[in-house]
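Comments concern the structure below.
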Amino acid sequence: MWRNTTQGWGLVAILLHWLSAAVIIGLFALGWWMTGLSYFDDWYNLGPWWHRSLGVLLLLATLLRVAWRFTQPTPHAQGHRLERMAAHAGHILLYVLLLVVLISGYMISTANGRGISVFGWFEAPAIVHGLPNQASVAGNVHWYSALALMILAAGHVLAAFKHHFIDRRDTLVRMLRPRAGQPKLPAK
Amino acid sequence: MLKKTALLTAIGAAALVPLSQAQADDYVIDIEGQHAFVQFKINHLGYSYILGTFRDFSGEFSYDPDDLEASSVSLDVDVTSLDTNHAERDRHILSDDFLDADQYPEASFVTTGFEPGDDGEGVLTGELTLKGETREIEMPVTLMGEGEDPWGSYRAGFEGSTMLTLEDYGIDMSDFPESMHELELYVTFEGIRQ
Numbered sequence: 001m002w003r004n005t006t007q008g009w010g011l012v013a014i015l016l017h018w019l020s021a022a023v024i025i026g027l028f029a030l031g032w033w034m035t036g037l038s039y040f041d042d043w044y045n046l047g048p049w050w051h052r053s054l055g056v057l058l059l060l061a062t063l064l065r066v067a068w069r070f071t072q073p074t075p076h077a078q079g080h081r082l083e084r085m086a087a088h089a090g091h092i093l094l095y096v097l098l099l100v101v102l103i104s105g106y107m108i109s110t111a112n113g114r115g116i117s118v119f120g121w122f123e124a125p126a127i128v129h130g131l132p133n134q135a136s137v138a139g140n141v142h143w144y145s146a147l148a149l150m151i152l153a154a155g156h157v158l159a160a161f162k163h164h165f166i167d168r169r170d171t172l173v174r175m176l177r178p179r180a181g182q183p184k185l186p187a188k
Numbered sequence: 001m002l003k004k005t006a007l008l009t010a011i012g013a014a015a016l017v018p019l020s021q022a023q024a025d026d027y028v029i030d031i032e033g034q035h036a037f038v039q040f041k042i043n044h045l046g047y048s049y050i051l052g053t054f055r056d057f058s059g060e061f062s063y064d065p066d067d068l069e070a071s072s073v074s075l076d077v078d079v080t081s082l083d084t085n086h087a088e089r090d091r092h093i094l095s096d097d098f099l100d101a102d103q104y105p106e107a108s109f110v111t112t113g114f115e116p117g118d119d120g121e122g123v124l125t126g127e128l129t130l131k132g133e134t135r136e137i138e139m140p141v142t143l144m145g146e147g148e149d150p151w152g153s154y155r156a157g158f159e160g161s162t163m164l165t166l167e168d169y170g171i172d173m174s175d176f177p178e179s180m181h182e183l184e185l186y187v188t189f190e191g192i193r194q
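Residue numbers (UniProt numbering), protein chains in the order written: chain A, 1 to 188; chain B, 1 to 194.
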């Protein structure tokens, strides 16, 4: 139920996947919107407060997710060899881009050594700070990697739809129902 | 004989003159010991001030108490080294909303004249380049002191400040209250005589 098998995703992987998807899209929209706000807007400080807090939580969740991915079995990929290789490369790139977006965002706010308060619950300490022009450089990386992540995520969605509806595989079901691909054990 | 003497005199003069001139009045701003600061102070919404500093800059000056009119200063500032003790604000100030440091990473000041006053006071005139715009500004300056330092060099130190109108440098502050349309630039440094 919770763990992956070579036949399908477990509940932990599925929940982390959909929670990440929702938060990533939400953070992108929030980030886009809040950076265009006027200095005198009610949300001028509140928007970044939510963005930073959610971002740190997503970074922690992503580190757990990657650790889980490495220590758990991975369901068999479907499709022919080239398709499987492309899918694998795409998924690795999604993880890498996501980490780049999250870490660069963290490095903006912590650029001069100040930590990030997460909803006032705890503070994420500044680890790397004081690099030359760190806040601006990290800011540029954050924006372009976020944009690239959105484009790649759109490709990810389209590919999943294609495999499910055109190739008529159980792609979407596998990411919705824990271990949907698991064959029924023969009754003994 | 005459020729030889003249030649020797010429060589001697050529060797001595630049040396004595250099010793008299050329200083390099003490960056190594960082006895130098380039700071600004700008109003925030009429409630308080934001203080900022540029951490990386370099410069030199000429100062000869016997020839004050010849005084000169040049200063080059790395705009991206701005620090207001809040990384996100630094990034915002450096963005194209304000300083556009990607496009204009350097600011500089070069004197065009000096008007000496009394008691170590005077007014520097010079060209300030910020965000690609060069404006002539005047900055009242004060000689704070000069003399031998404990480590074998000779130092002279100054301070000066002036008000800058941000619009002159293509920085649009029209969204902000009137009190934020200008800032005070404050500079203080020690130079080590070369």
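Backbone N, C-alpha and C fix where the C-beta goes; we use that ideal spot for every residue, glycine too.
*Alpha carbon to alpha carbon, how far is T129/B from L94/B? Give it in angstroms, no decimals.*
If you number the second sequence from 1, residue 94/B lands on position 94. If you number the second sequence from 1, residue 129/B lands on position 129. Their Cα atoms are separated by approximately 16 Å.
*Does any CB atom of chain B fall closer than 7 Å to the CB of S136/A?*
By 1-based counting over the first sequence, the position of residue 136/A is 136. Yes, contact with chain B.
*Find out if the Cβ-Cβ distance for the pair S53/A, V118/A is shorter than 7 Å.*
The residue given as residue 53/A occupies position 53 in the first sequence. The residue given as residue 118/A occupies position 118 in the first sequence. Result yes, Cβ atoms of S53/A and V118/A sit closer than 7 Å.
*May I ask you to list, following chain order, the residues of the region 159-193 of chain B that have a beta carbon less than 9 Å from some beta carbon of chain A?*
D175, F176
*Roughly how far, in whole angstroms, is the beta-carbon of A126/A from the beta-carbon of T110/A, given that I think they are within contact range, below 8 Å?*
Along the first sequence, read from residue 1 onward, the residue named residue 126/A stands at position 126. Along the first sequence, read from residue 1 onward, the residue named residue 110/A stands at position 110. Contact holds; Cβ gap of about 3 Å.
_Any C-beta of chain A under 7 Å from that of E88/B_ = Translated into the one-based positions of the second sequence, residue 88/B becomes position 88. By this cut-off, E88/B is an interface position.
*Would you say R91/B reaches chain E, if we count a Cβ-Cβ gap shorter than 7 Å as a contact?*
Note that chain E does not occur in the displayed structure, where the protein chains are A and B.
_Suppose the cutoff is 6 Å on Cβ atoms and the five residues either side in sequence are ignored; what does the same chain contact list for D26/B look like?_
Here residue 26/B refers to the residue found at position 26 when the second sequence is read from its first residue. Within the same chain, D26/B has close Cβ partners S62, Q194.
*Is Q21/B helix, strand or coil by DSSP?*
Within the second sequence, residue 21/B is the residue found at index 21, counting from 1. Low per-residue confidence applies at Q21/B: pLDDT is 46, beneath 50, and the placement is therefore not dependable, though the value from the model is reported in the following sentence. If DSSP states are grouped into helix, strand and coil, Q21/B belongs with the helices.
*Do you know how far the Cα of T162/B is from the Cα of V123/B?*
Residue mapping note: residue 123/B aligns to position 123 of the second sequence, counting from 1. Residue mapping note: residue 162/B aligns to position 162 of the second sequence, counting from 1. Going from the Cα of V123/B to the Cα of T162/B covers about 10 Å.
*Quick one: grab the DSSP three-state call for I171/B.*
Residue numbering aside, residue 171/B sits at position 171 when the second sequence is read from its first letter. In this structure, I171/B counts as coil in the three-state DSSP scheme.
*With a cut-off of 7 Å, does the C-beta of N4/A fall near any C-beta of chain B?*
Indexing the first sequence from 1 puts residue 4/A at position 4. Chain B, which has no Cβ nearer than 7 Å to the Cβ of N4/A, makes this no.
*What residues match up with Q39/B in a beta bridge as DSSP calls it?*
What you label residue 39/B is simply residue 39 of the second sequence in a count that begins at 1. Q39/B is bridged to T53/B, Y186/B.
_Strictly under 7 Å for the Cβ-Cβ distance: is residue 253/A near chain B by that measure?_
Beyond the ends of chain A as shown, which are 1 and 188, falls residue 253/A; an answer cannot be given.
_Interface residues of chain A facing A101/B [CB-CB closer than 8 Å]_ = Taking the second sequence and counting its residues from 1, one reaches residue 101/B at position 101. Per Cβ cutoff of 8 Å: N133, S136.
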